[in-house]
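Asker: Pasting a structure below so you can have a look.
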């Protein structure tokens, strides 16, 4: 690739200073020479190694020297096959060139010149060179550049042309390049013919006639005649292919685009040539529109002309499988806005990703975002399933599907890909109903043969018709067969890539993101319910980002617009793009927004904002709000409550702690519960003995947790009435895939022993085999009254310097060097399930990645592992699983996990464990409506509400006024009808996709809306409520 001729193959002149006159004189002498007349039988025979043998399907990426050798050989074959078709060479021959295998060439013949691929003379049989020399047959070794190769041929055929084979005329120079492209097409057709197992179908006499007459017209400077003959020769090649494959074959050219792509590299691609497809994220299009509007206008024009298609998907290609559902929806909705804004309201119909990011549930989500087609592969590391067929329907079981193309592309920046092209196409012709090959590349650099392939396509579809991705889907039949991938068929490269990049939070970034997303969704629900109770309204004032009153600690005015800005900041911070909107750094953190939104909702429920207790005013009670769709026993902080607060009504238990009183309160989904700040003297005391700590065992009457006296980890977790454990836990440090430490407890203590909370902790070290501490740990265990869940807080400190440096090295393997929380269960026959997009999948994977949670089914008893967003897990043997805590340069040292027994819904259990509890201090007793209540209620336990948001006037019901929007997902994998009740009768409802396009009107039944679900269906419900 370092040969200067590579960069200038479109200019095959050996001497740019040669005069046109001398070239014309040489051409006249040649044409008047009887030796070049009709009886001339001179020809070039090209000896090509492994001719007719399918090349390796992939490049040897892991062997640089093999890759370099493969590239040199492929380039040498292309140069040798195409150079004899230079018109100056053809004009000295009576027959067009032939190709033969270098390992088994025909005996040398008079009137031939043997051209051998560069570096392949040793491939010729023994004695072949001697036989050729005896007959006076020249044997020429090709160069890696076509200029030098053409010169060597002309030195044997027409020495007078060797120094200046080309004119200075630009049109003639372009035609010379087109003749060379004809040679490439001729060679590729011959390879394609062999690939499909067919005999030669080319009309050689007609092809020779048109090609040679065209070459002689070129020598005479008759460009129109040469062009016509050349076009006829290309058409003869196309007709030859149609004799064994009369249908259309397709070539899809994919050009990758990102926001840092130099615009000048795209101009030539877009101005002329065959159809191509740009693969670009929403961020790339947005950045291009801001920085290079002229180029974007060229893209829009090319799209309008049908020469260009644009495919993509999310705003940025992130680790979607680990992201909460609402974050994924934000990525695609934000990208759809970018595409429409910069592409004249056009939408992208084909989902495509360069980075790894495919997962089950992809079709269920993106089909509701306007996508109809998809590419079922990524140009990245990682493992993903493919199909034998060229197209199948990616169906996630909910009734939505994407027509998916599974043929993977070859790299157009590799020389070897040009050699593979006819063989890949031939294989597709033999196996597929619609033959197709794909090429993928950045705008630059690309291999020289790629430019030649575009030249060929401008004349005739010799091998295949160049089409866009969208055209391919429209031109070919829709498949019938479905594609139903399982999560075990996917394995991401994300952790290894993050370690190689030296990221500081390769694991914990998803923990923080999940926490903040829960807080923002809680705030959105509170704002929506407040506005619904008020009857709509709520314009957004950008000055509300930061005000003097906010700085002074006054209540924050949380509006729908402010939440949108906070959501934009959160999601943009996960990618590489700019954090939007402008001034977003001044936005309050998501937790503060959730609390402020809950305070405003409480004021509306109470009917009087003055009843919300001001700071430093002792409250008379608390209004506890549940901004999720499921009934919860939520733990909330009641800082000003009486130390002896007794359980009553929804308050199940209360406990004085060092930070104030904590209470366990049962609250309906999207509901509220009143908790008094103090109890009357006559109130019965809390029952004793239910929560206890004895002999290193914590219990709350529902669950028993035994601490190992030696390690300080958990010896057993089991139900209170069980004798055998379900699960155990400890910490491990691993080097080179082997356990490198043992967990040693140094001390322990108990902080609280009831009546609402029992909490104990252990401290110790992780010691290597020499007794040296690689790290110190502190594990805290919490059980609350009325819950079947144990919370585990892990703190790591004082990591050994050498060990930390080993982990932090960019060359380290995060799957063999790490610190982890190890879970163990007693039976190797236990079934392990992973939670993905609210659905449970049994997994046999050694690395079951999920940020949502796992479920172990042990002897018909279930135990849920709630990792709080930690996504990377690895099996150890048949009954252990490591949840990775520290790998690479991970900086976080505090981790919160939980274990829950017999969860009816694992996702709901995770929300219950990690979603914020919101308690608002109030004055004057419970609301007028009563101490408890709900505003929206879902009557099916198998339908989850992932988002509740306000619909401003004009967005609800085709302009029918303000309303509520709910994002709903079926979680049990079975069809059914769900009834959703509202605090006020709905007057109109519709189901929409996530671009807010109506799918079907929903049925209203009194105070409820009826929604029918297919298994795992994801939908959006817009509801307009009646006026008061």
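Residue numbers (UniProt numbering): 1 to 1028.
Backbone N, C-alpha and C define an ideal beta-carbon position, used for all residues, glycine too.
Note that the structure is predicted; figures quoted are calculated from it, not measured.
Return the first residue and the last residue of the beta strand (DSSP E) that residue 770 is part of.
Answerer: Locating residue 770 in the chain shown gives position 770, counting from the first residue. No beta strand (DSSP E) contains residue 770, which DSSP labels as neither H nor E.
Asker: Classify residue 527 as helix, strand or coil using the three-state DSSP reduction.
Answerer: Your numbering for residue 527 matches position 527 in the chain shown. Assigned with DSSP and collapsed to three states, residue 527 falls in helix.
Asker: Going by Cα to Cα distance, which pick from 718, 49, 670, 924 is closest to residue 949?
Answerer: By 1-based counting over the chain shown, the position of residue 949 is 949. Out of 718, 49, 670, 924, 670 has the C-alpha closest to the C-alpha of residue 949.
Asker: Ignore the nearest five residues each way along the sequence and tell me which others in residue 87's own chain have a CB closer than 7 Å to its CB.
Answerer: Translated into positions along the chain shown, residue 87 becomes position 87. Excluding residues within five positions, the ones whose Cβ falls inside 7 Å are 176, 179, 215, 218, 219.
Asker: Output needed for residue 629: all residues of its chain with C-beta closer than 7 Å, excluding positions within five of it in sequence on either side, in chain order.
Answerer: Within the chain shown, numbered from 1, the residue matching residue 629 stands at position 629. Contacts found: 669, 670, 938, 944, 945.
Asker: Mind the definition here: the stretch 387-399 touches the stretch 409-424 only if three or more C-beta pairs lie below 8 Å; say whether that holds.
Answerer: no
Asker: Looking only at its chain, what residues have a beta carbon closer than 6 Å to the beta carbon of residue 27, apart from the 5 residues adjacent to it on each side?
Answerer: Position 27 of the chain shown, counted from the first residue, corresponds to residue 27. Any reading at residue 27 must be qualified, since the residue scores a pLDDT of 35, below 50, and its modelled position is unreliable; the value itself is stated next. Apart from the 5 residues on each side of it in sequence, residue 27 sits with its Cβ closer than 6 Å to the Cβ of 219 in its chain, given in chain order.
Asker: Express the C-alpha separation of residue 675 and residue 643 in angstroms, rounding to a whole number.
Answerer: Here residue 643 refers to the residue found at position 643 of the chain shown. Here residue 675 refers to the residue found at position 675 of the chain shown. Their backbone Cα atoms lie some 14 Å apart in a straight line.
Asker: Once the 5 residues before and after residue 595 are set aside, which same chain residues still bring their CB inside 7 Å of it?
Answerer: As a first step, residue 595 is located in the chain shown; it is residue number 595 there, counting from the start. The residues are 918.
Asker: Please report the residue range of the beta strand (DSSP E) in which residue 47 lies.
Answerer: The residue you call residue 47 lines up with position 47 of the chain shown. Segment 43-48, the beta strand (DSSP E) holding residue 47.
Asker: Using the DSSP secondary-structure output, state which residues sit across from residue 378 in a beta bridge.
Answerer: The residue given as residue 378 occupies position 378 in the chain shown. Paired residue(s): none; residue 378 is not in a bridge.
Asker: What does the alpha-carbon distance come out to for the pair residue 1021 and residue 752?
Answerer: Counting from one through the chain shown, the residue named residue 1021 turns up at place 1021. Counting from one through the chain shown, the residue named residue 752 turns up at place 752. Looking at the two C-alpha atoms, the distance is approximately 45 Å.
Asker: Taking only three categories from DSSP, how would you classify residue 1024?
Answerer: In the chain shown, the residue the question calls residue 1024 occupies position 1024. Of the three classes helix, strand and coil, the one that applies to residue 1024 here is strand, per DSSP.
Asker: Identify the residues that DSSP records as bridge partners of residue 694: which are they?
Answerer: As a working mapping, residue 694 is identified with position 694 in the chain shown. DSSP lists 697 as the bridge partner or partners of residue 694.
Asker: Taking contact to mean 3 or more Cβ pairs, one atom from each stretch, closer than 8 Å, check whether the stretch 113-123 and the stretch 141-156 are in contact.
Answerer: Yes, the stretch 113-123 is in contact with the stretch 141-156.
Asker: By a C-beta neighbour count over all protein chains shown, 10 Å radius and 16 as the cutoff for buried, is residue 694 buried or exposed?
Answerer: As a working mapping, residue 694 is identified with position 694 in the chain shown. The residue in question, residue 694, is exposed, as its Cβ has fewer than 16 Cβ neighbours within 10 Å.
Asker: Let's test the definition: count the other Cβ atoms within 10 Å of the Cβ of residue 464 and tell me whether it reaches 16, buried, or not, exposed.
Answerer: Counting from 1 along the chain shown, the entry for residue 464 is found at position 464. Counting Cβ neighbours within 10 Å, residue 464 comes out buried, since at least 16 surround it.
Asker: Among all the DSSP beta bridges, which residues are the ones paired with residue 860?
Answerer: Numbered from 1 along the chain shown, position 860 holds the residue referred to as residue 860. Answer is none; residue 860 lacks a bridge partner.
Asker: Near residue 43, which residues of its chain fall below 8 Å by C-beta distance, leaving aside the five closest residues on each side in sequence?
Answerer: Within the chain shown, residue 43 is the residue found at index 43, counting from 1. Residues 93, 94, 95, 96, 97, 98, 111, 112, 113 of the same chain have their beta carbon placed closer than 8 Å to that of residue 43, with the five preceding and five following residues left out of the count.
Asker: Compute the beta-carbon to beta-carbon distance between residue 352 and residue 402, rounded to the nearest angstrom, for a pair I have assumed lies under 8 Å.
Answerer: Looking up residue 352 in the chain shown gives position 352. Looking up residue 402 in the chain shown gives position 402. In this structure, residue 352 and residue 402 do not form a Cβ contact; the two beta carbons are roughly 11 Å apart against a cut-off of 8 Å.
Asker: Does the Cβ-Cβ distance between residue 1033 and residue 234 come in under 9 Å?
Answerer: As displayed, the chain neither begins before 1 nor continues past 1028, which places residue 1033 out of reach and without an answer.
Asker: Would you identify the three-state DSSP class for residue 815, choosing helix, strand or coil?
Answerer: Numbered from its first residue, the chain shown carries residue 815 at position 815. Here residue 815 sits in coil by DSSP.
Asker: Run through DSSP, which three-state label would residue 633 get?
Answerer: On the chain shown, position 633 is the one that residue 633 refers to. It is a strand residue.
Asker: Would you please state the rounded distance, in angstroms, between the beta carbons of residue 817 and residue 734? I believe it to be under 8 Å.
Answerer: Translated into the one-based positions of the chain shown, residue 817 becomes position 817. Translated into the one-based positions of the chain shown, residue 734 becomes position 734. Right, their Cβ atoms sit about 6 Å apart.
Asker: Going by DSSP in three states, residue 317 sits in which element: helix, strand or coil?
Answerer: Taking the chain shown and counting its residues from 1, one reaches residue 317 at position 317. Correct three-state label for residue 317: coil.
Asker: Between the alpha carbons of residue 564 and residue 78, how many angstroms are there, rounded?
Answerer: Indexing the chain shown from 1 puts residue 564 at position 564. Indexing the chain shown from 1 puts residue 78 at position 78. Distance between the alpha carbons of residue 564 and residue 78 is about 56 Å.
Asker: Going straight from the alpha carbon of residue 272 to that of residue 54, what length do you get?
Answerer: Here residue 272 corresponds to residue number 272 of the chain shown, with the count starting at 1. Here residue 54 corresponds to residue number 54 of the chain shown, with the count starting at 1. Cα to Cα, residue 272 sits roughly 32 Å from residue 54.
Asker: List the DSSP bridge partners of residue 466.
Answerer: As a working note, residue 466 is residue 466 in the chain shown. The partner list for residue 466 (beta bridge, DSSP) reads 251.
Asker: How long is the line joining the alpha carbons of residue 510 and residue 326, rounded to whole angstroms?
Answerer: Locating residue 510 in the chain shown gives position 510, where the first residue counts as 1. Locating residue 326 in the chain shown gives position 326, where the first residue counts as 1. Cα to Cα, residue 510 sits roughly 14 Å from residue 326.
Asker: Would residue 418 count as contacting chain B if we go by Cβ distances under 9 Å?
Answerer: As a matter of chain content, chain B is missing from the structure shown, which is built from one protein chain.
Asker: Any idea if residue 988 is buried or exposed, counting beta-carbon neighbours within 10 angstroms, 16 or more meaning buried?
Answerer: The residue you call residue 988 lines up with position 988 of the chain shown. So residue 988 counts as buried.
Asker: If I follow the unbroken alpha helix (DSSP H) through residue 605, where does it start and stop?
Answerer: Within the chain shown, numbered from 1, the residue matching residue 605 stands at position 605. Unbroken alpha helix (DSSP H) run through residue 605: 590-606.
Asker: Using only CA atoms, which one of 167, 161, 190, 47 lies nearest to residue 125?
Answerer: Numbered from its first residue, the chain shown carries residue 125 at position 125. Measuring from the Cα of residue 125, the nearest candidate turns out to be 47.
Asker: What does the Cβ neighbour count give for residue 760, buried or exposed, with the cut at 16 atoms within 10 Å?
Answerer: Numbered from 1 along the chain shown, position 760 holds the residue referred to as residue 760. Per the 10 Å Cβ criterion, buried.
Asker: What number of angstroms, rounded off, separates the C-alpha of residue 1000 from the C-alpha of residue 1010?
Answerer: Translated into the one-based positions of the chain shown, residue 1000 becomes position 1000. Translated into the one-based positions of the chain shown, residue 1010 becomes position 1010. One C-alpha to the other measures close to 12 Å.
Asker: Could you tell me whether the Cβ atoms of residue 299 and residue 315 are closer together than 9 Å?
Answerer: Counting from 1 along the chain shown, the entry for residue 299 is found at position 299. Counting from 1 along the chain shown, the entry for residue 315 is found at position 315. Going by C-beta atoms, residue 299 is not nearer than 9 Å to residue 315.
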